[in-house]
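Everything on this sheet refers to the single structure shown next.
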Amino acid sequence: MNINSPKLFMKITKEKLLFYVGDYDQNNNFRILQSSSVSYDRDIISDIKKISSYIKKNLIIIEQKINYTFKDLIIILDNFDLSFLNLTGFKKLNGTQISKENIFYIINSLKSCIDSLEKKKIILHIFNSQYILDKKKFENLPIGLFGDFYSHELSFNLIKENDYENLKEIFDECNLKIKKILSDSFVKGSLKSNYNSEINTFLYINIEQDYTKIFFIQNDALKYEQKFNFGTEIILRDISKVTSLNQEEVKRIINNDSNSKKINKKLIFDIAEARIKELSNKIYYKNINFVKFLLDAKHIYLEIADKNQLEFFKDIFIDCFSSNGKFKIKTFDKVEIRELIETAYKITHYGWKTEAIPITRSDKSMISRVFRAIFN
Numbered sequence: 085m086n087i088n089s090p091k092l093f094m095k096i097t098k099e100k101l102l103f104y105v106g107d108y109d110q111n112n113n114f115r116i117l118q119s120s121s122v123s124y125d126r127d128i129i130s131d132i133k134k135i136s137s138y139i140k141k142n143l144i145i146i147e148q149k150i151n152y153t154f155k156d157l158i159i160i161l162d163n164f165d166l167s168f169l170n171l172t173g174f175k176k177l178n179g180t181q182i183s184k185e186n187i188f189y190i191i192n193s194l195k196s197c198i199d200s201l202e203k204k205k206i207i208l209h210i211f212n213s214q215y216i217l218d219k220k221k222f223e224n225l226p227i228g229l230f231g232d233f234y235s236h237e238l239s240f241n242l243i244k245e246n247d248y249e250n251l252k253e254i255f256d257e258c259n260l261k262i263k264k265i266l267s268d269s270f271v272k273g274s275l276k277s278n279y280n281s282e283i284n285t286f287l288y289i290n291i292e293q294d295y296t297k298i299f300f301i302q303n304d305a306l307k308y309e310q311k312f313n314f315g316t317e318i319i320l321r322d323i324s325k326v327t328s329l330n331q332e333e334v335k336r337i338i339n340n341d342s343n344s345k346k347i348n349k350k351l352i353f354d355i356a357e358a359r360i361k362e363l364s365n366k367i368y369y370k371n372i373n374f375v376k377f378l379l380d381a382k383h384i385y386l387e388i389a390d391k392n393q394l395e396f397f398k399d400i401f402i403d404c405f406s407s408n409g410k411f412k413i414k415t416f417d418k419v420e421i422r423e424l425i426e427t428a429y430k431i432t433h434y435g436w437k438t439e440a441i442p443i444t445r446s447d448k449s450m451i452s453r454v455f456r457a458i459f460n
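For the sequence shown, the working numbering begins at 85 and goes up steadily by one.
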């Protein structure tokens, strides 16, 4: 197998460690060369020796198949609870020009605030999310412009220090350097922004079988996310309970594999609609964490992992989540893993247009690297 320079990726979900090896072919098309997975109990993520052993075994198999030894990897996190802070710094200009030094001062001040507020957390991502000069918003840094008052907003995505240190130790045991840690929400948001460059502010709702995640992207910056412990399975349970059909029979009806005349499909639609309306209320209509974001959002990406439910109840999902046409809904069943991994690679290799600094941890040289990342 002719491989140029394969890259190792790992997506960590709440139940599995997913390994992927990706590379570009001679036509510059990204491809997945190898993939494998390991199921694990969430509690053992802190058992460094045990989880490292799982990783080593799979890594050896992958490396033997492609005859290549990996020294580093890119991690995509989809199970750790991140926290989010959006802070704004200010600078009085009194009619002078905005300089790089002004921006440096603001970033330094905001970083100091994070250090003081979140002593047990590590910065995962920092995004430039808003630039306002004399009450006027700018899409890019207004360096060189004259004004009286400038405000600069940064969005911080944070991971618990213990979680970060555990990850670092796990991969140290495997002789792998962590090249980059990315949140799954950031990668998916970037993927959609790349596909639709004219849409840089949107809500993204991901409904899996047993959980739901919603996050908000504003000006191509990840501002906030929240998870819920319910998913599409709750719709099946409701239908099963009301109709007295077992869940397998309900699935067959939804999959159009059943000739059962026991139940009217309209009843199934009515039950699903009632539950989906309730879910949409809990997720964001009546979610106080998203009241502010709903004012700025016009578009929603709705990812529903259960393809059959999406197809069967598609109109209901769109009606319930569109708020009577207020939001433009784009539905799909699953992000293609090749696209997700390629996006993660591009972010790591080239950076992201609004990310102030591509870092996995905070240290003394951070501010100087922020400075270079913004202005280079």
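By construction, the Cβ of each residue, glycine as well, lies at the ideal position given by its N, Cα and C atoms.
Contacts around residue i, its chain only, beta-carbon distance under 7 Å, and the 5 residues preceding and following it disregarded
i: Q181; result: G228, L229 and F230
i: N142; result: F103, S120 and V122
i: R445; result: Note that R445 scores 40 on pLDDT, short of 50, meaning its location in the model is unreliable; the coordinates nonetheless yield the value given after this. Taken in chain order, the residues that qualify are I206 and Y248.
i: D322; result: I355 and R359
i: K252; result: I262
i: T153; result: E147
i: S406; result: I413
Nonlocal neighbours in the same chain, by C-beta distance under 6 Å from residue i, ignoring five residues either side
i: S239; result: N170, F211, S213, A305 and K307
i: N163; result: I96, T97 and K98
i: K100; result: S121 and S123
i: I283; result: H383
i: V334; result: L320, I323 and S324
i: N186; result: K175
Inter-residue CB distance, residue i and residue j (contact presumed, cutoff 8 Å)
i: I132; j: V105; result: Contact doesn't hold; Cβ gap of about 24 Å is too wide.
i: I254; j: S137; result: 10 Å between Cβ atoms; not a contact.
i: I413; j: I367; result: Actually they do not touch by this definition, with Cβ atoms about 13 Å apart.
i: I243; j: L166; result: 6 Å
i: L275; j: V419; result: 7 Å
Beta-carbon proximity list for residue i, same chain, < 8 Å, skipping 5 on both sides
i: E426; result: G106 and F114
i: K155; result: N259, L260 and K261
i: P226; result: I182, Y215, L217 and Y234
Exposed unless 16 or more other CB atoms sit within 10 angstroms - verdict on residue i
i: F93; result: buried
i: G273; result: buried
i: Y279; result: exposed
i: N241; result: buried
i: T438; result: buried
i: K219; result: exposed
i: Q302; result: buried
i: V375; result: exposed
i: F416; result: exposed
i: L329; result: buried
i: S277; result: buried
i: F233; result: exposed
i: F459; result: Confidence is the limiting factor: at F459 the pLDDT is only 42, short of 50, which leaves the residue's position unreliable and the question unanswerable from this model.
i: F222; result: exposed
i: D268; result: buried
i: S452; result: Confidence in S452 is poor, its pLDDT being 49 and thus under 50, which makes the residue's placement unreliable; the coordinate value appears in the next sentence. Looking at its Cβ environment, which holds fewer than 16 other Cβ atoms inside 10 Å, S452 is exposed.
i: Y434; result: exposed
i: L201; result: exposed
i: F270; result: buried
i: K410; result: exposed
i: F174; result: exposed
i: G179; result: exposed
Sheet register partners of residue i (DSSP bridge)
i: K244; result: K205
i: D156; result: K261
i: K311; result: K297
i: L238; result: L171 and N212
i: D107; result: R115
i: N290; result: K297 and E387
i: K220; result: L217
i: K414; result: Y385
i: S267; result: L161
i: E439; result: F211
i: S123; result: K100
i: A305; result: Q302
- Would you call the region 350–357 and the region 376–388 in contact, with 3 or more CB pairs under 8 Å? no
- the region 284–294 touching the region 387–401, judged by at least three CB pairs closer than 8 Å: yes
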